[in-house]
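Trainee: Here the sequence shown is numbered in the UniProt record's numbering, starting from 1 and rising by one per residue.
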Amino acid sequence: MSSKAIVPAEFERLIVDTTVQEKAIAHPVDWRLMENARHKLVAAAKRAGIALKQTFAKETKTLRRKAGGYAHARQFKRLRKVLKRQRTLLGIVLREVQRKIGQASQATAPAPALENLHTLMQRAERIHAQQPNGKNKLYALHAPEVECIGKGKARKPYEFGVKVSVAITHKQGLMVGARSFTGTLYDDHTLHEQLEQARILSEDTAGAPKQVVVDLGFRGVDAANPGVEIIHRGTFKRLTDEQRRWLKRRQAVEPAIGHLKHDNGIDRCWLQGANGDALHAVLCAAGDNIRWLLRAMVRLGLKGLFAPMVARLIMLATVLAMSLRARNTRPHRLAWCVW
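1. State the DSSP-derived secondary structure class of Lys163, mapped to helix, strand or coil.
2. If contacts are defined as beta-carbon pairs under 8 Å, then Ala44 and Leu120 qualify, I think. What distance do you get, rounded to the angstrom?
3. Kindly confirm or deny that the segment 265-282 and the segment 156-171 touch, where touching means at least three C-beta pairs closer than 8 Å.
4. Tell me the rounded alpha-carbon separation between Glu254 and Gly265.
5. In angstroms with no decimal places, state the Cα-to-Cα distance between Val29 and Gly301.
6. Could you spell out the range, first to last residue, of the alpha helix (DSSP H) harbouring Leu141?
7. Kindly give me the distance between the Cβ atoms of Val97 and Arg38, rounded to whole angstroms, as I take these residues to be in contact under 8 Å.
8. Report the rounded CA-to-CA distance for Thr182 versus Met297, giving the unit in angstroms.
9. Given a cut-off of 7 Å on the beta-carbon distance, is the pair Val16 and Val214 in contact?
10. Let me make sure I understand the geometry here. Which of Ala206, Pro209, His232, Val228 has the alpha-carbon closest to that of Phe218?
11. Taking its Cβ as the centre, do 16 or more other Cβ atoms sit within 10 Å of Gln251, making it buried, or is it exposed?
12. Can you check DSSP and say which residues form a bridge with Glu147?
13. Could you tell me the distance, in whole angstroms, from the CA atom of Leu320 to the CA atom of Leu33?
14. Please report the straight-line C-alpha distance between Ser180 and Lys210, rounded to a whole angstrom.
15. Per DSSP, Glu229 forms a beta bridge with which residues?
16. Helix, strand or coil: how does DSSP classify Lys4 here?
17. Please classify residue 341 as buried or exposed, where buried requires at least 16 other C-beta atoms within 10 Å of its C-beta.
18. Could you say if the segment 198-210 and the segment 7-23 meet the contact criterion of at least three C-beta pairs nearer than 8 Å?
19. Asp17 bridges to which residues according to DSSP?
20. Between the Cα of Thr169 and the Cα atoms of Gly207, Ala57, Thr240, Leu79, which residue gives the shortest distance?
21. Check whether the Cβ atoms of Leu117 and Ala9 sit closer than 7 Å, and answer yes or no.
22. Nearest-angstrom Cα distance between Ala335 and Ser323?
23. Check Gly276 in the structure and name its three-state DSSP category.
24. So for Phe76, helix, strand or coil by DSSP?
25. Relative to the alpha-carbon of Glu145, which residue among Val7, Lys100, Leu79, Trp270 has its alpha-carbon at the smallest distance?
26. How should Gly177 be labelled, buried or exposed, when 16 other C-beta atoms within 10 angstroms of its C-beta is the threshold for buried?
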């Protein structure tokens, strides 16, 4: 702000929208989930000192290959037969582990191995019980927080990850908030938490948000957000001319989300758990703000706050160049050059 790249008044008017942060998982098909559950359950039981009568490794390998071929050929009746057999074998392994896990004591098996086995058993039971049209499904063994969120596009009907809300300033497009949400929430249920994050992150530099420009998915939450004026085209006839001009810039958040995905990597999260999703969203928004700062340096020139920063960078680059030059001018390198 001391460089006048942005004024504090801009933080009072925001644009908010939501997107999906996909998780780094394979596409969740039933035959792959059941095979992974059986394989990891057998490995965890072995680490816990539980000897299984049968692991069905050879048969499930054949079933996995058949399921992939039948799905590719769209032979769904044969595919359902393979899935039924896979579910039966997973149930046999589950019941055997449940019978023998009581015999495994702390003396024969370490506590972390038993805890990991209990966790895998709970997730394998969910995969064994879930049906294609069921709810609260598990889409990855290592990421139970993943949700199926409808996209509505022909090329990608669904996305598997978590919902992320993004808030930018109305005029300059600076990211002031990026927050992930667990579950399949509707957009209007995320606005209060997003404004809370934006208020916390900008409390040292600017005031609280007073106007928020949103799309129609955020209708009906005026009572849950007192002191904030929510502007959307559902109340277009009641808007003033100034508010209608603000509403015309609502689409500015769409390219901001696009750059956030393709330039800063929010399109795929590799961090573990719900905390990893939250950290990934915030760090991607911070990377976008760094790009915004570099563009502001080019636009405003090297003055004010940017001049000391650039001077330090130039000094650091000079020191690195001198150290590399000194390393390259050692005696053995000089002798080689003379030769």
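All residues carry an ideal CB built from backbone N, CA and C; glycine is no exception. Computed from a predicted model, the values in this text were never measured in an experiment.
Mentor: Result, derived from the coordinates:
1. Looking at Lys163 - three-state DSSP - the assignment turns out to be strand.
2. Right, their Cβ atoms sit about 5 Å apart.
3. Yes, the segment 265-282 touches the segment 156-171.
4. Looking at the backbone, the Cα of Glu254 and that of Gly265 are separated by about 16 Å.
5. Put simply, the backbone Cα of Val29 is about 53 Å away from that of Gly301.
6. Taken as a continuous stretch (DSSP letters only), Leu141 belongs to no alpha helix (DSSP H), as it is neither H nor E.
7. Wrong, their Cβ atoms sit about 11 Å apart, outside the cutoff.
8. Roughly 37 Å between the two C-alpha positions.
9. Yes, the pair counts as a contact, with Cβ atoms nearer than the cut-off.
10. The residue with the shortest Cα to Cα distance from Phe218 is His232.
11. The residue in question, Gln251, is exposed, as its Cβ has fewer than 16 Cβ neighbours within 10 Å.
12. Note: Glu147 sits in a beta bridge opposite Gly161.
13. Using only the alpha carbons, I get a separation of about 51 Å.
14. Looking at the two C-alpha atoms, the distance is approximately 22 Å.
15. Answer by DSSP bridge pairing, in chain order: Gln211.
16. Coil.
17. Since the first and last residues shown for the chain are 1 and 339, residue 341 lies out of range.
18. They touch, by the three-pair rule.
19. According to DSSP, which records beta bridges pairwise, Asp17 is partnered with Val166.
20. Here the closest residue by C-alpha is Gly207.
21. Between Leu117 and Ala9, the C-beta gap is not smaller than 7 Å, which leaves the two residues out of contact.
22. Residue confidence for Ala335 is low, a pLDDT of 38 falling below 50, so the modelled location carries little weight; the figure read from the coordinates is stated next. Looking at the two C-alpha atoms, the distance is approximately 19 Å.
23. Correct three-state label for Gly276: helix.
24. Look at Phe76 here: in three-state DSSP terms it is helix.
25. Of the candidates Val7, Lys100, Leu79, Trp270, the one whose C-alpha sits nearest the C-alpha of Glu145 is Trp270.
26. That one is buried.
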